[in-house]
């Protein structure tokens, strides 16, 4: 619950939660883990995860390129980078860069998260910005990102919460 | 000869004991994966100190962001490494370690 009444919280929930509740709630933003989940439900606005594997990223890439009505934003997670080494890492990053390129061309909003499962896996905004630059993001400068975040010291030090449905 | 500026990074991990040789090997392999051999040379990585869960590494000041990215994106013994603080002197980081050791962290 929010301590201040003026601040409105938005919670994340998996699109499968729609089955249970059967109605949209303003305070919830729905997240599709892959393309199949995104196609299964007719949601006015949702977050689409970029994918953990190279195949998943390729499918999201195709989905973003073909979709006529863009009603989603793409979320790039930092966590999967820890799973890859050598050629698989470079392949994964290459695919993410191609997806980022499509997002830029089609003007799809992208967001970046650490996808931390524990407090030791949190990634500071400084590193997330490096990730954004590495996969080809060029529309924002570092100063803008760090100024947009209200209390970066807090974000760098404290747990932002885990993704339960990862 | 121009004296190159250095930066020290304090890292926390759930691993209790770091084997220096194994750790430096893992870190160097990760740097080569992402930035290649030239990147490894320009980062100029050196492990300065390990103490229980904490680790201090040194790098060139203009490649701090690259090294932070590498540290955050790697795992050592199935545990993620969390960069806590970047400083220009090792003394400051040692003070932080002693302060953190006194209080309960996380």
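Residue numbers (our numbering), protein chains in the order written: chain U, 709 to 874; chain G, 9 to 114. Ideal Cβ placement from N, Cα and C applies to all residues, glycine included. The model shown is predicted, which means the values in this text are computed figures rather than measured ones.
- With a cutoff of 9 Å on beta-carbon distance, residue 74 of chain G and residue 42 of chain G are scored as near each other.
- The C-alpha of residue 63 of chain G lies about 13 Å from the C-alpha of residue 95 of chain G.
- Taking the Cα positions, residue 791 of chain U is about 27 Å away from residue 70 of chain G.
- The residues 803, in chain order, have a CB closer than 7 Å to that of residue 766 of chain U in the same chain once the five nearest residues on each side in sequence are set aside.
- 73, 74, 76, 77, 80, 81, 82, 83, 87, 88: these are the residues of the region 54 to 88 of chain G whose beta carbon lies less than 8 Å from some beta carbon of chain U, given in chain order.
- Using a CB distance cut-off of 9 Å, residue 832 of chain U counts as an interface residue toward chain G.
- Within the model, the alpha-carbon separation for residue 90 of chain G versus residue 22 of chain G is close to 9 Å.
- Proximity of chain G to residue 724 of chain U at the Cβ level (cut-off 7 Å) is not reached, the minimal Cβ distance being about 28 Å.
- Here DSSP, grouped into helix, strand and coil, assigns residue 823 of chain U to coil.
- The alpha carbon of residue 34 of chain G has as its nearest neighbour, out of G/88, G/108, G/93, G/92, the alpha carbon of G/88.
- Under the 9 Å criterion on CB atoms, residue 45 of chain G is classed as non-interfacial with respect to chain U.
- If the five residues before and after residue 38 of chain G are omitted, its C-beta is found closer than 7 Å to the C-beta atoms of 78, 82, all from its own chain and listed in chain order.
- Nearest neighbour of residue 24 of chain G by Cα position, chosen from G/99, G/60, G/80, G/40, turns out to be G/60.
- Counting only Cβ-Cβ distances below 7 Å, residue 793 of chain U has contacts in chain G at 41, in chain order.
- About 5 Å separates the CB atoms of residue 736 of chain U and residue 719 of chain U; that is less than 8 Å, so the two are in contact.
- Our two residues, residue 770 of chain U and residue 750 of chain U, have alpha carbons roughly 19 Å apart in a direct line.
- The criterion of a C-beta distance shorter than 9 Å is satisfied by residue 783 of chain U and residue 756 of chain U.
- With respect to residue 80 of chain G, residue 786 of chain U sits close: the two C-beta atoms are nearer than 9 Å.
- In summary, residue 795 of chain U is exposed, with fewer than 16 beta-carbon neighbours lying within 10 Å of its beta-carbon over all protein chains present.
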